[in-house]
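This report refers to the structure that appears directly beneath it.
Protein chains in written order, with the working numbering: chain X, 284 to 908; chain B, 536 to 876.
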């Protein structure tokens, strides 16, 4: 119960390291994600840069102790800039045999394994597919092992608070957290405050969890005193001054939508249908109605996009979010939005496919669907997010472009970006430019298809405005009057104007910049979306070894930045890194007739820095030979 | 386009758009659009606040012919678009125009949900028991045995009853009308409009090209009086050319019986009085089919309840009262933050 036990041996034998990857793993009911969240917060408060990756099973409560019920949370933190959740864990906390079984092969050589010895019963071992106990044979040779009966120690630590056996066992995640806090010399206070706030109404639960954190920490000190295991210290990273918080991609998108609607001076109509991993946007926005947000859980994906479009028709900004299979269902309505030229924001939190695929695993294989996935010539705007916090800016930009150009905008993010979190330097939204929408209210020479000659956007006359009564629909309409038209030259003209409008947006988006490295050189590593982190780190590493390699990250997928071709032509070799079988590369080849090589991965897991590094080095070798 | 300065009172003609109507000559839809324009004039609907939203099919062309706002959407989805529009602006007066294929086949799901949610709008289903615009395939309301291009040997699947479906979905207003009843149909539309909540109206509509005369057995002039019953709240369920037939419950059963007044000891006192707030009675009336029963026309069921968009906006307003002048800057600074110097 003493939250301020002195860290007597601090710095005495602590080894200083630059960066560390820790993975917590256990049964899906073990509270692994909460443990990870707490470790993240404490690490951020300690001044390290960090990146996290939660990896949970599709099953809500898979049978206990099974390998498919293993939930994990990985955090990479350090005293330098951290761009990815880390290639391989240095530390694995495994709360049961299944968690060890699933994760041990990912661990770095010589890595540290902390296991709950008490969970390694014959029954659990069998469920995890072990024929012998790995703690007793030589299965973990080459790793360092701390085997503690966490379950028993936790029960002992919380005994005095009178919890039921089930509730008491649940505290073991906090025990393991306390132990890892010791390992990295972390302050327990933020977690203690959090526990007090969260379980304020059930003091015995708060106190038990706090006791478990402290007991785990105390165990570490005992081990330390025995000199068996080294503990570590990680200096604060050089981080720009300012106010920070951790933010997940889901939060960033949701807050970005709120900010974007605010900048457009519009109400929002958000309509969604439950789908992993996009539902959390609906959950988040449902709690923010005070910002004039109507949230609507529709009967299906089609109804969701249609209701969002109906909201745009009425003069709010319609937004819908889903994942690949849901986007497929929305396709026809997106085509309608293109045809009637109403603003609409469609968020695709991509996941591994095809079909249902692997809903909780990440992928970026919906680029083709976003750019080309509709009947007929039906262009729209496609933007992608690169990091969890980048979703905030991209969401604002989506609303800006949708309302300015009267067009649907598809925002591509992915399961990794949605669930991962990172520290975010909180912007002052007052400094973000406003883009207030003006509805048409002048009926002189009114036609619903009158366009702004510069943007080619049609005007936005909303129902309720006297003298602007008109009809719109998915049938081809006259360029001049908006009335139904089957005229052949008119269809050509309308198809052209729809295309030119979207193409013209290239003049309203930033020029492509070199993300890292020189403007001209041997190799450009090109990526989009969540591959940003591993690519930029890999490029940084090879550059530090003297190789002439640059990183080009493309945010605007359609239209592409207008100088992109010129930028790419400055490099001898172009490598396009994607978590698909080659979608951006096809787009780049078809648009610019450039030769490019693909590095592709579709395992449901993000790229490792080392994988990209190896590929770059292979290309370097090819250039030399 | 509407004229710049509206006259004090809008006439039927003022609700007709300048678009050339493109239904087949003799189509029942002409009568329905006229009935609607008359309804508009009768209620003096403000054109700028009136929105017609349709899906796909012959009926879905309807909005183009009304001098109001109109949105011709995609197949089956008008109810969903309309839901979003109504949520975003509850002041708008929305009419969804749809057909039997649009509403009960491809859009059956959305019809169910717009009704159960009780979104305050009027849903008009033009039922002609056929797919007209795609050249005559049988529809979900076609009778078994309907011969069509896709069922040359006769259709096999049993039809759905639009009104029973609506009642089953929890609609709080269910009515029926007939395209050619120029006087009665606007009255049904007006009742639908008066009702706060989702008002469902099935209009029996004749497709002169692909399903001509499909309703003749109860709409033809010579049989109408005996084969239809115009139901009215509070009045006895009497019909027939001699106004001497009526409906009563079969003794000891929850089942309707057609009886003749002054025969077999039946008196007018035995005849059921229509109670449009009674869902069981509405269901019994909706189930009646030829040849043993007359087809019930008029408002079968009307039992208002809170509308969805009211509840949604009440929730929103209450959140706004509890969190006045919300700031995005505050929002993104909520939770644990720290300062790096």
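Just so you know, even glycine gets a beta-carbon here, dropped at the ideal spot from N, CA and C.
Item: Taking three-plus beta-carbon pairs below 8 angstroms as touching, is the stretch 815 to 826 of chain X in contact with the stretch 675 to 683 of chain X?; Value: no
Item: Is it right to say residue 769 (chain X) is buried, meaning 16 or more other beta carbons lie within 10 angstroms of its own, or is it exposed?; Value: exposed
Item: Per DSSP, residue 880 (chain X) is paired with what?; Value: X:858
Item: In the stretch 580 to 606 of chain X, which residues sit with their C-beta less than 9 angstroms from some C-beta in chain B, listed in chain order?; Value: 581, 582, 583, 585, 586, 587, 588, 589, 590, 591, 592, 593, 594, 595, 596, 597, 598, 599 and 601
Item: Counting Cβ pairs, one atom from each stretch, are 3 or more of them under 8 angstroms apart for the stretch 564 to 584 of chain X and the stretch 539 to 556 of chain X?; Value: yes
Item: Counting only beta-carbon atoms, is residue 899 (chain X) nearer than 8 angstroms to chain B?; Value: no
Item: At a CB distance below 7 angstroms, what residues from the stretch 568 to 599 of chain B approach chain X? Give them in sequence order.; Value: 582, 583, 584, 586, 598 and 599
Item: Just to confirm the assignment, what range does the alpha helix (DSSP H) spanning residue 499 (chain X) have?; Value: 486 to 509
Item: For residue 395 (chain X), which three-state DSSP category applies?; Value: strand
Item: Taking C-beta pairs closer than 7 angstroms, name the residues in chain X that residue 861 (chain B) reaches, listed in chain order.; Value: 573 and 574
Item: Specify the secondary structure class of residue 856 (chain B) as computed by DSSP and reduced to three states.; Value: helix
Item: Using the Cα positions of residue 286 (chain X) and residue 493 (chain X), report the straight-line distance between them to the nearest angstrom.; Value: Residue placement at residue 286 (chain X) cannot be trusted, given a pLDDT of 36 that sits under 50; what the coordinates show is reported in the next sentence. If I take the Cα positions, the gap works out to 8 angstroms.
Item: For residue 253 (chain X), collect the residues of the same chain with a Cβ closer than 7 angstroms to its Cβ; drop the 5 residues on either side in sequence, then sort them by chain order.; Value: With chain X covering 284 to 908 only, the question about residue 253 (chain X) has no answer from this structure.
Item: Should residue 644 (chain X) go down as buried or exposed, given a rule of 16 or more other Cβ atoms within 10 Å for buried?; Value: buried
Item: Pairs of beta-carbons, one from the stretch 681 to 694 of chain X and one from the stretch 310 to 330 of chain X, closer than 8 angstroms: are there three or more?; Value: no
Item: Look up residue 424 (chain X) in the DSSP assignment and say whether it is helix, strand or coil.; Value: coil
Item: Using CA coordinates, which residue listed in B:605, B:709 and B:607 is at the minimum distance from residue 651 (chain B)?; Value: B:709
Item: Please determine, among X:517, X:697 and X:507, the residue with the shortest C-alpha to C-alpha distance to residue 604 (chain X).; Value: X:697
Item: Using a beta-carbon distance cut-off of less than 8 angstroms, what residues from the stretch 509 to 525 of chain X approach chain B?; Value: 522, 523, 524 and 525
Item: Hey, is residue 834 (chain B)'s beta-carbon within less than 8 angstroms of any beta-carbon in chain X?; Value: no
Item: Rounded C-beta distance between residue 745 (chain B) and residue 667 (chain B)? I'm assuming under 8 angstroms.; Value: 6 angstroms
Item: In or out: residue 611 (chain B) buried (at least 16 other Cβ within 10 Å) or exposed?; Value: buried
Item: Determine, using beta carbons only, whether residue 564 (chain X) comes closer than 8 angstroms to chain B.; Value: no
Item: Could you check whether the Cβ of residue 810 (chain B) sits closer than 8 angstroms to any Cβ belonging to chain X?; Value: no
Item: Take residue 587 (chain X) and list the residues in its own chain whose beta-carbon comes closer than 6 angstroms to its own, dropping the five residues that flank it on each side.; Value: 554, 555, 556, 581 and 603
Item: With a threshold of 8 angstroms between beta-carbons, can residue 677 (chain B) be considered close to chain X, or not?; Value: no
Item: Given residue 906 (chain X), which residues of its chain have a CB within under 6 angstroms of its CB, disregarding the five upstream and five downstream residues?; Value: 805
Item: Taking residue 619 (chain X) as the query, report the chain B residues whose CB atoms sit under 9 angstroms from its CB, ordered along the chain.; Value: 608, 609, 612 and 616
Item: How many angstroms separate the CA atom of residue 685 (chain X) from the CA atom of residue 595 (chain X)?; Value: 10 angstroms
Item: What does the alpha-carbon distance come out to for the pair residue 727 (chain B) and residue 594 (chain B)?; Value: 18 angstroms
Item: Near residue 901 (chain X), which residues of its chain fall below 6 angstroms by C-beta distance, leaving aside the five closest residues on each side in sequence?; Value: none
Item: Mark residue 359 (chain X) as exposed unless 16 or more other C-beta atoms lie within 10 angstroms of its C-beta, in which case mark it buried.; Value: buried
Item: So what's residue 581 (chain B) in DSSP terms, helix, strand or just coil?; Value: coil
Item: Need the endpoints of the beta strand (DSSP E) that residue 334 (chain X) sits in, please.; Value: 332 to 338
Item: Can you give me the Cβ contacts of residue 288 (chain X) inside the same chain, cut-off strictly under 6 angstroms, excluding the 5 residues immediately before and after it?; Value: Only weak support is given to the placement of residue 288 (chain X): the predicted model assigns it a pLDDT of 36, under 50, and the question is left unresolved by the model.
Item: Taking all protein chains shown into account, decide if residue 852 (chain B) is buried (16 or more other Cβ within 10 angstroms of its Cβ) or exposed.; Value: exposed
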